[in-house]
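Below: one structure, written as structure tokens.
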Amino acid sequence: MEIKKVVIIGSGTMGSGIAAHLCNANIPVTLLDLKTEISEKAREKIHKSRPPLLIDKSKINNINVGNINDDFDVVKDADWVVEAVVERIDIKHNIYEKIFKSRKRGAIVSSNTSSIPIKILSEKLAEEEKKDFCITHFFNPVRYMGLLEIVKNEKNDLEKISSLKKFCEQELGKGAIVCNDTPGFLGNRVGVFAMQVAMTEAFKMKLSIEEADAVFGRPMGIPKTGVFGLYDLIGIDLMADVLKSFIKELSENDPFQLVAKEIPLISKLIQTGYTGRKGKGGFYRMNKQNNQKILEAINLETGEYSSTKKIDLGIDTVNLNLLINRKDKYGEYAWSVISQIIKYASSLVPSITDKFNDIDEAMRLGFNWAMGPFEMLKSIGVKNFFDRIDSYENNKFLENLSKSKNENFYGERQLYTNIETLGKIKPKAIKVDKNKSAEIYRFKDFNIVEFTTKACALDYDSMDALKNATDKPLIIINESMQFSAGVNLTYTMNFADKGDFKSIEKFIKYFQETCKHLKYSDHPVISAPSGLVLGGGEEVAIQSNFVVSHTNIVMGLVETGVGLVPAGGGCKEVLWRWSQTPEAKKDPDFAPLKVFNIIGYGTTATSTVEAEPLKFLRPEDKKVMNRNSLFEVSKKLILENKDFTPPKECSFNLSGKPLKEKMIKVLEKLYNDKIILDHGMKVGSELANVLSGGDTTIKKTLSEDELYKLELDSFMRLIETKETQQRIKHTLNTGKLLVN
Ligand code: NAD
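The sequence shown begins at 5 in this note's numbering and counts up by one.
Written out as structure tokens, the structure is:
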């Protein structure tokens, strides 16, 4: 079965997200709604969406729109029809009747329902129709969420289901998990339960919402939105509907019922329009005081708002034992939440799935958890867990495990896919080295480096790991969300605060030395980025010999925003790439002026398609829709490059002073237009100095080392200024840029 044309019915949040993603995969798609104006508006919204739902915005018109009365004929040609209308069974049944009257024989019809069982959805279908009907449950936002749950009915043509799964994996890049027809399937059943436990325990233990989010967040390997932040993001009203549906669908004695009860404060928030970020605010809200925006948090007892308080648990990496063994309310809360999640998830085995591994992977893909409940159990340790847990009656999984006491109960990861993923390989590889910022694995005859810091921020240790791993072909790849958000600014500022600029210089020199080493070592170096590839992260990627990039990346040299210039070879490498263009051969100032613009504005690409024209990626770099495939494609490149020879060193002829003057003119205009202020002028001048070649002339050939030196000198001059330090501190404290 081939899927060449798709029709989506319902152009709301999910319908438009699915349409955009099919467009990303170059599949012709038509979006139908009650009226064409609705689907047309949806298309406009896709175009404006941030973060963008489209990989390539210029393809927006590849999404056709129409209405279900005049344009229903398109269904006749479709290989797959996705229903994504409101969650109402009567409306869905009417739509199916219409679809099955028109569809091409054998075409797949699926629903995106999040809560209606397939047996109810398909109850009015003929036996023959049931063969081709299933649920395809995408998560929001469709482009960015990895999970797709496919729910089949007992009449399904299994070959068709498996080819749909293959299509969704290969073409749409989804982690497609086939699940049984149980309420909330896998992801929401466990994910929403986890949120409810985290919330109800916070009420019970009288934690503030900032405290709860600080614990049920990064230290547990959960995104930093925590529980209350996530509630605001999803919509407090939508969550209330989801809970109602669970209460209705689940049996009375399901422990979910206990944590799904209505909470008066939440009902009040919904009634008063505090439905979360889309409403007036939610558990958090932005308030304006004296012309300043202030983030406020609600007090769970009084319902009053006050300025948020930063909670620092002093934990940088995920370490569950450290967290649950704390002798304070945070430790108590963490244990209570984690143990209940493990208990609940394991109670669902084998009744909702006999593959506990699928539950973990659904949590990774659908909720961006670093590990699922069973991996949490593994990480706490079987003995430690049973020493502390009180009761687990009627829980077959835990009863068996308490008897076997098997610390290695987990087995393989990611059983739902045939792709050779990093997650599957890591347990089979030898961990040859580890420091506080990275781990080196040896697999077959190559090495793997995985950064392990928060947002994979880079420091001296990260560079050390890279350098030490080049004795074999090397793949730089991460399972966590980001490839790297750049150099660790806290690490750098710790030196700056002490006036220890020598240590900063030593670090930057080592960064440069390592990147140069990556580029010219005897073995191929492959970077396989996904997520954030910023600043130093991009410098590592572009100075690798090959790049295998996930299509969802945010890539850019953004250093000027924090008052610095890229100094790990970023200016040099992008300049070199632009110098190879036909325009640059004619005009020696073309490339430096282009790069001055790109780096000066901190331009970022939000996809591989946007990264290529900026020359952050090259046409020959591999672009991959499925993040799970990054490792497999990288490994293939190593095999194909057995006779690898490192590239030739590059050199530069730059105009020097007259070119710098051209760049200063650009800066002066920006300054006069008040787009940049005094320090912006200083940062821009340093960038101009690097890209014009400093004290040089067009006749003089500069080596890569000379360019590295220019980058380093400018970086050092800038980091020593109080204005750059103010910018960095502002970004570290607020996550925003300071214009000074
Ligand atoms: P939505 O309210 O944003 O959009 C529904 C769309 O369906 C609207 O544009 C509406 O005009 C249209 N519609 C209603 N009746 C129709 C009909 N008879 N014919 C054609 N179009 C019709 O809803 P949504 O959030 O996109 O949800 C759609 C489905 O996806 C639901 O089943 C929901 O449970 C499920 N779902 C939602 C999410 C989420 O996060 N929003 C996540 C997963 C699954």
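All C-beta atoms, glycine included, are put in the ideal place defined by N, C-alpha and C. Computed from a predicted model, the values in this text were never measured in an experiment.
For the pair Asn372 and Pro662, the Cα-to-Cα distance works out to about 50 Å. When the Cα atoms are used, Val551 and Pro533 turn out to be separated by approximately 8 Å. Taking the C-beta atoms as reference points, Leu352 is found nearer than 9 Å to Val194. Within its own chain, the residues whose Cβ lies closer than 6 Å to the Cβ of Phe648, once the five positions on either side in sequence are excluded, are Pro528, listed in chain order. Beta-bridge partners assigned by DSSP to Asn657: Thr705. Contact between Leu35 and Ser53 is ruled out by a C-beta separation of about 14 Å, above the 8 Å threshold.
Taking every protein chain shown into account, the CB of Val263 has 16 or more other CB atoms within 10 angstroms, so this residue is buried. Ser15 has its CB nearer than 8 Å to a heavy atom of ligand 1.
Bounds of the alpha helix (DSSP H) holding Ala692 are Asp682 to Ser696. Contact holds between the region 353 to 364 and the region 408 to 425, because three or more Cβ pairs, one in each stretch, are under 8 Å apart.
Taking 8 Å as the cut-off, the C-beta of His97 does not count as close to any heavy atom of ligand 1. Between the C-alpha atoms of Leu234 and Glu483 there is a straight-line separation of about 22 Å.
Lys669 counts as exposed, since fewer than 16 other C-beta atoms from the protein chains shown sit within 10 angstroms of its C-beta. CA-CA distance, Leu57 to Asn68, rounds to 16 Å. Counting the other CB atoms within 10 Å of its CB gives Asn291 a total below 16, which places it among the exposed residues. A straight line joining the alpha-carbon of Thr276 with that of Ile165 spans about 45 Å. Boundaries of the alpha helix (DSSP H) harbouring Val578: Gly574 to Ser583, taken from the DSSP string. Shortest gap from the CB of Leu242 to any heavy atom of ligand 1: under 8 Å. The shortest C-alpha to C-alpha distance from Tyr288 to any of Asn295, Glu308, Ser271 and Gln296 is the one to Glu308. Considering only Lys382, Tyr348 and Asp449, the residue with the shortest C-alpha distance to Lys400 is Tyr348. Within the region 102 to 135, the complete alpha helix (DSSP H) segments at least 4 residues long are 122 to 125 and 131 to 134, listed from N- to C-terminus.
In the displayed model, Ile139 falls within a strand according to three-state DSSP.
The residue among Ser395, Glu403, Gly370 and Asn412 with its C-alpha nearest the C-alpha of Gly385 is Asn412. Taking every protein chain shown into account, the CB of Arg92 has fewer than 16 other CB atoms within 10 angstroms, so this residue is exposed. One alpha carbon belongs to Phe189, the other to Lys134, and they sit about 19 Å apart.
Where Met199 is concerned, the enclosing alpha helix (DSSP H) starts and stops at Gly191 to Lys208. Residue pairing for Cys183: DSSP places it in a beta bridge opposite Val155. Leu470 is not a Cβ neighbour of Leu634, given a cutoff of 9 Å. The continuous stretches of alpha helix (DSSP H) do not include Leu419, and DSSP gives it neither H nor E. In the displayed model, Phe220 falls within coil according to three-state DSSP, outside both helix and strand. For Arg446, the enclosing beta strand (DSSP E) begins and ends at Ala442 to Phe447.
Burial is judged here by how many other beta carbons sit within 10 angstroms of a residue's own beta carbon; Asp475 has fewer than 16 and is exposed.
In this structure, the C-beta of Ser62 stays at least 8 Å away from each heavy atom of ligand 1.
Inside the region 475 to 520, DSSP marks whole alpha helix (DSSP H) runs of 4 or more residues at positions 493 to 501, from first to last along the chain.
Residue range Lys726 to Thr738 is occupied by the alpha helix (DSSP H) that includes Gln730. Ranked by how close their Cα comes to the Cα of Val341, the residues Val219, Pro650 and Asp241 have Val219 in first place.
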